[in-house]
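K.L.:
Below: one structure in structure tokens.
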Amino acid sequence: MATVAHEERSAAGTVVSVRHWTLTAGQYYRDSGITRQSQATKTWLAQLKPQLNALSHVSSKPSSLASYRRYADTVLATYDAMWAEVSKPRWANAEFRLYCGKQRVVARFWSKLIKQAKQRWPDRVMALAYGAAGFSGSGSIGL
Numbered sequence: 412m413a414t415v416a417h418e419e420r421s422a423a424g425t426v427v428s429v430r431h432w433t434l435t436a437g438q439y440y441r442d443s444g445i446t447r448q449s450q451a452t453k454t455w456l457a458q459l460k461p462q463l464n465a466l467s468h469v470s471s472k473p474s475s476l477a478s479y480r481r482y483a484d485t486v487l488a489t490y491d492a493m494w495a496e497v498s499k500p501r502w503a504n505a506e507f508r509l510y511c512g513k514q515r516v517v518a519r520f521w522s523k524l525i526k527q528a529k530q531r532w533p534d535r536v537m538a539l540a541y542g543a544a545g546f547s548g549s550g551s552i553g554l
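Start counting the sequence shown at 412; every next residue gets the next number (the working numbering).
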């Protein structure tokens, strides 16, 4: 998910050491609670198996009026049971818990990285780049 590398160079320009920090996708999923919530969601939706099965047999993008009618009838038949389940507070709580967990994992990763970098190189300024951006040796930002 995120890998940060820093090269330490000698005065001659040769690489002395390379320091890596990595936040793997597995670590992100486990620590943020995505894996745990996925299992809980399967348990919660087990009660709705007949409704979900019925919805899986019709297309939400019908090609004819008759197939649209089947879709609309199926949605109306399963509507009450589906909304009775997904309108429970546990769904909103779980979504908020996941949001907070994701934010917490990323914040801890950057916090740990910055703390270790400041201990190792206290006189250097830390610059963080997100996405596919990079820094060239000439000082220009981009590509």
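By construction, the Cβ of each residue, glycine as well, lies at the ideal position given by its N, Cα and C atoms.
Val-466 bridges to which residues according to DSSP?
P.N.:
Working through the sequence shown from its first residue, we reach residue 466 at position 55. The displayed chain sequence assigns Leu, not Val, to residue 466. Beta-bridge pairing links Leu-466 to no other residue.
K.L.:
Taking its Cβ as the centre, do 16 or more other Cβ atoms sit within 10 Å of Leu-487, making it buried, or is it exposed?
P.N.:
For the purposes of this step, residue 487 is taken as the residue at position 76 of the sequence shown. When all chains shown are included, Leu-487 counts as exposed.
K.L.:
Per the DSSP calculation, Val-497 is bridged to which residue(s)?
P.N.:
One-based indexing of the sequence shown puts residue 497 at position 86. Answer is none; Val-497 lacks a bridge partner.
K.L.:
Under a Cβ-count criterion, where at least 16 other Cβ atoms within 10 Å of its own Cβ denotes burial, should Ser-443 be classed as buried or exposed?
P.N.:
Stepping through the sequence shown from its first residue, residue 443 is reached at position 32. Buried.
K.L.:
Please state whether DSSP places Leu-554 in a helix, a strand or coil.
P.N.:
As a position in the sequence shown, residue 554 is number 143, starting the count at 1. Residue confidence for Leu-554 is low, a pLDDT of 47 falling below 50, so the modelled location carries little weight and cannot support an answer.
K.L.:
Between Gly-437 and the ligand ZN, is the CB less than 6 Å from at least one heavy atom?
P.N.:
This structure does not include the ligand ZN; it has no bound ligands of any sort.
K.L.:
Taking the runs of the beta strand (DSSP E) that are 3 residues or longer, which of them lie wholly in the segment 418–475?
P.N.:
Segments of the beta strand (DSSP E) lying fully in the segment 418–475: 426–434.
K.L.:
To the nearest angstrom, how far is it from the Cα of Arg-447 to the Cα of Arg-508?
P.N.:
Here residue 447 refers to the residue found at position 36 of the sequence shown. Here residue 508 refers to the residue found at position 97 of the sequence shown. Between Arg-447 and Arg-508, the C-alpha separation is close to 11 Å.
K.L.:
So what's Ala-413 in DSSP terms, helix, strand or just coil?
P.N.:
Residue 413 sits at position 2 when you count from the first residue of the sequence shown. Strand.
K.L.:
Beta-carbon within less than 7 Å of Lys-513's beta-carbon, same chain only, minus the 5 sequence neighbours each way: which residues are those?
P.N.:
The residue given as residue 513 occupies position 102 in the sequence shown. Only Ser-443 meet the Cβ criterion.
K.L.:
Can you tell me which of the three DSSP states Ala-483 falls into?
P.N.:
Residue numbering aside, residue 483 sits at position 72 when the sequence shown is read from its first letter. If DSSP states are grouped into helix, strand and coil, Ala-483 belongs with the helices.
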